[in-house]
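One structure is given here, and the rest of the page talks about it.
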Amino acid sequence: MRDPLARLREATGRRTDAGLRRRLRPRTPDHDGLIDLASNDYLGLSRDPRLIEGAVAAAREWGTGSTGSRLVTGTTELHAELDRRLAAFTGSAAGLVFSSGFLANLGAVAGLSGPAALVVSDQVNHASIVDACRLSRARVVITPHRDVAAVERALAERDEEDALVVTDAVFSVDGDQAPLAELHTVTRRHGALLVIDEAHALGVVGDGGRGAAHAAGLSGEPDVVLTLTLSKSLGAQGGAVLGAPEMIETLVDTGRSFIFDTALAPPAAGAVLAALDVLAAEPGLPALARDRARRIASIAAGLGLHTSSPAAAVVPVVLGEPTAAVRGAEICAEHGVRVGCFRPPSVPKGRACLRLTARASLTEFELTTLEGALAAVAGQVGPYSACVTSGPR
Ligand code: PMP
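Here the UniProt record's numbering is used: the first residue of the sequence shown is 1, the next is one more, and so on.
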């Protein structure tokens with residue numbers, strides 16, 4: 001009989017040889033003394049005293065846990081307020097808070113499609129959308145990145161009556177934006193729903209950080225659904241689906257990742273409500289984050305590194321092979337900067353990269369330190385030169 005763990009050890013060995021091992025490295029509260037260009041704390045709110053106070057006050061009043069699923073005891077007055085506030089903030093008719101963005105995507109895509117529907121998904125959509133497509137049991141068509149014509153063809157050629165198109169608003173590693181207005185024209189023409197994942201756009205893109213759909217004039221449209229994570233620019237944890245009341249009622253009745261999951265912990269809800277207050281009081285914060293992202297991209301491009309112009313706070317520096325990306329991240333750390341290191345399957349083969357994330361509070365000194373770090377990367381690892389086109393993950 002084969003040792004049941006032998007297969008896992010062999011596979012781990014193969015990942016080690018390919019430079020694909022991932023390690024959990026516990027950090028200190030101050031990011032081990034490094035400049036943080038790796039987190040998704042785009043507005044620097046996760047340690048903001050106002051959010052901490054919101055979380056503490058919520059814990060005092062409601063406890064540390066929500067005590068149950070939202071349909072049983074988990075919907076506190078705080079959750080109901082957050083449902084409403086998130087809908088109002090993004091310009092949507094109704095909202096529903098989930099306990100993560102991942103679960104919000106599972107709920108929206110699977111809950112609003114089904115085995116008789118067609119689901120069309122961009123090839124670089126986030127893993128939670130990929131899993132949501134599988135969970136939907138719908139026929140799934142994966143379209144080339146940002147290819148509106150391919151989306152239209154899939155919708156036009158379908159036999160299914162119901163169809164749903166799903167896209168990241170801002171793509172999580174490449175940092176580019178989906179052609180939302182064009183996609184909506186096509187989904188409207190063909191009677192399909194458009195689901196937009198605002199994870200990396202909320203709090204960064206659009207007037208006051210109301211998101212990419214709001215900026216494109218799409219929020220509040222009856223055939224548009226937004227999904228959010230509350231864990232990035234809003235500095236806490238959780239997710240939400242926003243859309244027409246009919247959609248929200250459907251998810252309350254049938255959304256499995258909503259119904260069978262314990263509701264968001266009250267301190268997270270309290271922190272997000274405080275984050276929305278901060279955004280209302282400081283509407284210039286999102287533009288600051290966008291400005292810092294553009295500065296990071298121009299530093300990288302100036303050094304001959306392979307980057308692209310960022311739609312929000314995410315700036316990729318493509319280095320090619322996994323080992324190059326790992327070495328690049330090490331060099332950055334040696335120069336005092338923490339960056340993300342993304343390898344397959346998080347990115348397509350041959351496109352391993354550093355993922356740099358801007359923060360509204362980044363200082364000139366921090367940007368100068370980054371320039372030194374990236375200059376060392378360009379010198380020691382070299383700019384990415386292979387011409388590799390993105391493939392499906
Ligand atoms: N969508 C996108 C585009 C994301 O990047 C993420 C988080 N990495 C999620 C959804 C999932 O959100 P959460 O972390 O709140 O589960």
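Note that CB positions come from ideal geometry on N, CA and C, so glycine has one too.
Could you give the DSSP three-state label for T16: helix, strand or coil? helix
Should I298 go down as buried or exposed, given a rule of 16 or more other Cβ atoms within 10 Å for buried? Before going further, note that residue 298 is Ser rather than Ile in the sequence given. Answer is exposed; the Cβ neighbour count stays below 16.
What number of angstroms, rounded off, separates the C-alpha of I142 from the C-alpha of G63? 43 Å
Express the C-alpha separation of T254 and G78 in angstroms, rounding to a whole number. Before going on, a small fix: residue 78 reads as Leu here, not Gly. C-alpha separation (whole angstroms): 23 Å.
Please report the residue range of the beta strand (DSSP E) in which T357 lies. 352 to 357
Look at the alpha carbon of Q380 and the alpha carbon of V314, and state the distance between them as a whole number of angstroms. Inter-residue distance for Q380 and V314 is about 23 Å (C-alpha atoms, whole angstroms).
Give the range of the alpha helix (DSSP H) segment to which T254 is assigned. Taken as a continuous stretch (DSSP letters only), the alpha helix (DSSP H) holding T254 covers 245 to 254.
When the Cα of L164 is compared with those of D223, P179, V204, which residue comes out closest? For L164, the nearest C-alpha among the options comes from D223.
Does the beta-carbon distance from V337 to L34 come in below 8 Å? yes
DSSP three-state assignment for V173, whether helix, strand or coil: DSSP, read as helix, strand or coil, puts V173 in coil.
Is the beta carbon of T229 within less than 7 Å of some heavy atom of the ligand PMP? yes
When every heavy atom of the ligand PMP is checked, does at least one fall within less than 7 Å of the C-beta of T172? Sequence inspection shows Ser at residue 172; the Thr mentioned does not correspond to that position. Yes, the ligand PMP has a heavy atom inside 7 Å of this Cβ.
Looking at C-alpha atoms only, which residue of A244, H200, A236 is the closest neighbour of L218? A244
Beta-carbon proximity check, V119 vs S136, cutoff 8 Å: yes
In angstroms, rounded to a whole number, what distance separates the CA positions of G175 and L273? 26 Å
Taking DSSP's pairing of strands, which residues face L226 in a bridge? I196, L242
Smallest Cα separation from D291: which of P26, L226, L367? L367
Return the chain-ordered ranges of every beta strand (DSSP E) run that is complete within the segment 289 to 342 and spans a minimum of 3 residues. When DSSP assignments are scanned along the segment 289 to 342, the uninterrupted stretches of beta strand (DSSP E) that are 3 or more residues long and fall wholly within it turn out to be 314 to 320, 337 to 342.
Mind checking whether G211 and L226 have CB atoms under 8 Å apart? yes
Boundaries of the beta strand (DSSP E) in which A94 is found, first to last residue: 94 to 98
So for R139, helix, strand or coil by DSSP? strand
Any idea if A6 is buried or exposed, counting beta-carbon neighbours within 10 angstroms, 16 or more meaning buried? Exposed, by the Cβ-count rule.
So A163 is in the alpha helix (DSSP H); what residue range does that whole segment cover? No alpha helix (DSSP H) holds A163; the beta strand (DSSP E) holding it covers 163 to 168.
Could you have a look at V124 and say whether DSSP puts it in helix, strand or coil? coil
Below 6 Å CB to CB, which residues in the same chain sit around G328 once its five sequence neighbours on both sides are set aside? L319, L354, V377, V381
Using 8 Å as the threshold, is the C-beta distance between V204 and A280 below it? The Cβ atoms of V204 and A280 lie no closer than 8 Å to each other.
Grab the span of the beta strand (DSSP E) containing D159 for me, first residue to last. Counting along the chain, D159 falls outside any beta strand (DSSP E), and DSSP gives it neither H nor E.
How would you write the range of the alpha helix (DSSP H) that D83 sits in, first residue to last? First-last of the alpha helix (DSSP H) with D83: 77 to 90.
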